[in-house]
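**Student:** Using my numbering, count along the sequence shown one by one with no gaps and you end on 258.
If you scroll down you'll find the structure; I have some questions about it.
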Amino acid sequence: MSAQQQLPGIDPGEKRRRALLEAIIYAAEEPLTAAQISKGLDVPLDQVEADLRALMEESASDKRGIEIRKVAKGYKMSTKAEHHDGVRKFVKTLRPKFRLSLPALETLAVVAYKQPVTIPEIQAVRGVNSTGVVSTLLNRKLITTAGRKAVIGRPMQYRTTKDFLIQFGLSDLTELPTLKELEELGRSALGEVEPAGNTQEPEHAEAAVE
């Protein structure tokens, strides 16, 4: 068969378009809507939706370890639920364990579930000064800055990072466990927690990261 000949029923253009669509969803940090994809690729919306349905059907096969699924009104690629335990177990073998104090673990939980969140908001939940703990989490790259909140004083906001997802074996934030489960995951994934010690770290720590 010559290079110009094609097998019956196969549309090379359609295959390339779906392959590109799959690559775009894989590369995107946030779920993409069909409308965003349609506009970005200059492809009719109904065609994009048809391609998405086809890709989701293909990825649903038990021969595939990842799938395209609908998340928050958009489409995102992630590992299949039945493989989460195996993926977490494998990821733990790749990264060195490090220790977190219980205050740091508590603060990380507040950021994870209330992000973006400011230090005053974290302290309102925990009831203690959390500036130094936030600085520790920033240094560990488990959280990062997320702009300033549009209120008086414009305090800095914080959110979790990709490293946080990796350390806890999560595909995205939709897989966040309960607070109790997160604490248990933290103990196993990050090693035994350090003694609480002194949680009142220097006030200049926040200024250093802003």
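Think of the CB as a built atom: it goes at the ideal place given N, C-alpha and C, for glycine as much as any other residue.
Helix, strand or coil: which one does DSSP assign to residue 91?
**Tutor:** Here residue 91 sits in coil by DSSP.
**Student:** Just curious, the beta strand (DSSP E) that residue 214 is in, first and last residue?
**Tutor:** Per DSSP, residue 214 belongs to no beta strand (DSSP E); it is in the alpha helix (DSSP H), 210–216.
**Student:** Just list the residues that DSSP pairs residue 223 with in beta bridges.
**Tutor:** DSSP lists no partner for residue 223.
**Student:** To the nearest angstrom, report how far apart residue 71 and residue 147 are at their CA atoms.
**Tutor:** 36 Å
**Student:** When we look at the beta-carbon of residue 78 and count the other beta-carbons within 10 Å, is it buried (16 or more) or exposed?
**Tutor:** exposed
**Student:** So residue 212 and residue 190 are in contact, right, with Cβ under 8 Å, and what is the actual spacing, rounded?
**Tutor:** Contact holds; Cβ gap of about 5 Å.
**Student:** Tell me where the alpha helix (DSSP H) around residue 173 begins and ends.
**Tutor:** 167–174
**Student:** Give the single residue among 199, 206, 97 and 180 whose Cα lies nearest to the Cα of residue 123.
**Tutor:** 97
**Student:** Check residue 207 in the structure and name its three-state DSSP category.
**Tutor:** strand
**Student:** Using the three-state DSSP reduction, which class does residue 64 fall into: helix, strand or coil?
**Tutor:** Correct three-state label for residue 64: helix.
**Student:** With DSSP as the reference, label residue 190 as helix, strand or coil.
**Tutor:** Correct three-state label for residue 190: coil.
**Student:** Return the chain-ordered list of same chain residues with a C-beta closer than 6 Å to the C-beta of residue 164, the five sequence neighbours on each side being excluded.
**Tutor:** Setting aside the 5 residues that flank it on each side, residue 164 is surrounded in the same chain by 194, 205 and 207, each with a C-beta closer than 6 Å to its C-beta; the list follows chain order.
**Student:** Run the CB neighbour count on residue 92, radius 10 Å, all protein chains shown included, and call it buried at 16 or more, exposed below.
**Tutor:** exposed
**Student:** DSSP has residue 118 in a bridge; who is on the other side?
**Tutor:** 123
**Student:** Does the Cβ-Cβ distance between residue 125 and residue 85 come in under 8 Å?
**Tutor:** no
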